[in-house]
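Colleague: Just passing along the structure, written as structure tokens.
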Amino acid sequence: MKSKGKVFICGAGPGDPELLTVKATRLLQTCDIILHDRLVSREILELASQTSKKIYVGRASGDPKGTQKKTNNLMLNFANEGKKILRLKGGDPFIFGRGGEEAEFLASHHVEYEIIPGITSFAGAAGYASIPLTHRRYSSSLAVVTGHVDANKNDGVVNWRQLARSVDTIVVLMGLERINIIAKKLIQGGLDTNTEVAVVENATTSKQRIFISKLGEVATKMKKHSVQPPSVIIIGKVVKVRMQIKDLSLN
Ligand code: SAH
Numbered sequence: 064m065k066s067k068g069k070v071f072i073c074g075a076g077p078g079d080p081e082l083l084t085v086k087a088t089r090l091l092q093t094c095d096i097i098l099h100d101r102l103v104s105r106e107i108l109e110l111a112s113q114t115s116k117k118i119y120v121g122r123a124s125g126d127p128k129g130t131q132k133k134t135n136n137l138m139l140n141f142a143n144e145g146k147k148i149l150r151l152k153g154g155d156p157f158i159f160g161r162g163g164e165e166a167e168f169l170a171s172h173h174v175e176y177e178i179i180p181g182i183t184s185f186a187g188a189a190g191y192a193s194i195p196l197t198h199r200r201y202s203s204s205l206a207v208v209t210g211h212v213d214a215n216k217n218d219g220v221v222n223w224r225q226l227a228r229s230v231d232t233i234v235v236l237m238g239l240e241r242i243n244i245i246a247k248k249l250i251q252g253g254l255d256t257n258t259e260v261a262v263v264e265n266a267t268t269s270k271q272r273i274f275i276s277k278l279g280e281v282a283t284k285m286k287k288h289s290v291q292p293p294s295v296i297i298i299g300k301v302v303k304v305r306m307q308i309k310d311l312s313l314n
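Each number in our numbering corresponds to the 1-based position in the sequence shown with 63 added.
What follows is the structure, given as structure tokens:
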């Protein structure tokens with residue numbers, strides 16, 4: 064039997080409320096329940112209807128508040144009560160956002176759901192930093208990888224050395240804490256120490272900071288400037304294009 068309620072697994076974009084989709088904005092105003100992550104800003108939640116119930120289900124690393132199981136149960140229970148639930152996630156729900164796992168859970172419990180894509184953080188970061196991720200002269204391929212380590216795999220989840228030889232532009236999410244080792248492995252894999260790197264902290268928000276560096280020195284530079292998550296790391300020749308076009312852009 065299908066539940067009476069429905070869950071909208073929805074991307075909130077990278078931070079700037081103006082990067083919300085029209086659909087996400089409408090759902091913010093019409094859903095009964097909003098289950099939101101850490102990366103969804105206060106400004107975005109302020110667009111929600113006054114009567115909706117807003118529940119934080121974020122999960123910073125080491126944050127004991129909110130586990131995936133708890134979130135799943137909240138979705139299930141509210142759906143069984145016939146509620147319209149907005150499961151709001153930073154960026155796009157299917158890019159390192161566990162959106163797939165939540166959809167699997169809902170499907171296995173016969174809860175109706177819909178996926179609403181959002182502007183992913185790396186697209187927001189690249190756009191607001193004037194860095195084209197592909198470019199006819201510099202890059203015809205792009206890989207988006209996690210820098211996070213899976214505790215069960217001691218060498219991380221990405222084969223960095225192989226990646227270095229396989230694509231022109233590498234985008235790393237959740238990579239700041241391990242930038243030192245990531246840069247080292249990419250250099251071992253064949254990337255030049257002078258390869259351009261951009262790190263965009265708090266992309267698209269009023270706190271956005273952009274750092275341009277080289278692979279060989281990026282870790283030191285990030286430390287020096289106390290760059291914090293959330294940050295997107297963009298590695299490759301395309302970073303150079305920023306220098307050529309940024310003077311005329313607003314960002
Ligand atoms: N689903 C999200 C990604 C979740 S993983 C998306 O599509 O963007 C969390 C990582 O996303 C962070 O560690 C960081 O690398 C990146 N991120 C999310 N929001 C960001 C922002 N506003 N600025 C920079 N990086 C961001």
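Where a beta carbon is used, it is the ideal one built from N, C-alpha and C, also for glycine. Note that this is a predicted model, so its numbers are computed, not measured.
Taking the alpha-carbon of Ile273 as reference, which of Ala246, Gly190, His211 has the nearest alpha-carbon?
Modeller: Stepping through the sequence shown from its first residue, residue 273 is reached at position 210. Nearest option by C-alpha distance: Gly190.
Colleague: Just to confirm, does Asn135 get its C-beta within under 8 angstroms of one of the non-hydrogen atoms of the ligand SAH?
Modeller: On the sequence shown, position 72 is the one that residue 135 refers to. Not so, every heavy atom of the ligand SAH lies at least 8 angstroms from the Cβ.
Colleague: Under 8 angstroms: does the beta carbon of Leu236 sit that close to some heavy atom of the ligand SAH?
Modeller: As a first step, residue 236 is located in the sequence shown; it is residue number 173 there, counting from the start. Checking every heavy atom of the ligand SAH against the Cβ of Leu236, one is found closer than 8 angstroms.
Colleague: By Cβ distance, which residues of its chain are closer than 8 angstroms to Lys248, with the 5 residues on each side in sequence left out?
Modeller: Position 185 of the sequence shown, counted from the first residue, corresponds to residue 248. Within the same chain, Lys248 has close Cβ partners Trp223, Arg224, Ala227.
Colleague: Does the ligand SAH have even one heavy atom less than 8 angstroms from the beta-carbon of Glu177?
Modeller: Locating residue 177 in the sequence shown gives position 114, counting from the first residue. No, Cβ of Glu177 sits at least 8 angstroms from all heavy atoms of the ligand SAH.
Colleague: Which ranges does the alpha helix (DSSP H) cover as unbroken runs of at least 4 residues, wholly within the stretch 72-138, from first to last along the chain?
Modeller: Listed in chain order, the complete alpha helix (DSSP H) runs (minimum 4 residues) inside the stretch 72-138 are 85-93, 105-108.
Colleague: Classify Lys69: buried if its beta carbon has 16 or more other beta carbons within 10 angstroms, exposed otherwise.
Modeller: Here residue 69 refers to the residue found at position 6 when the sequence shown is read from its first residue. The residue is buried, with at least 16 neighbouring Cβ atoms inside 10 Å.
Colleague: Exposed or buried, Asp155, counting other C-beta atoms within 10 Å across all chains shown (16 or more means buried)?
Modeller: By 1-based counting over the sequence shown, the position of residue 155 is 92. Flag for Asp155 reads buried.
Colleague: Let me check you understand the geometry: is the CB of Pro195 closer than 8 angstroms to at least one non-hydrogen atom of the ligand SAH?
Modeller: The residue given as residue 195 occupies position 132 in the sequence shown. Pro195 Cβ: outside cutoff for every heavy atom of the ligand SAH.
Colleague: From which residue to which residue does the alpha helix (DSSP H) around Ile178 run?
Modeller: In the sequence shown, the residue the question calls residue 178 occupies position 115. Element bounds for Ile178: not the alpha helix (DSSP H) but the beta strand (DSSP E), 175-179.
Colleague: Touch check for the stretch 93-107 and the stretch 194-202: three-plus C-beta pairs under 8 angstroms?
Modeller: The stretch 93-107 vs the stretch 194-202: no contact.
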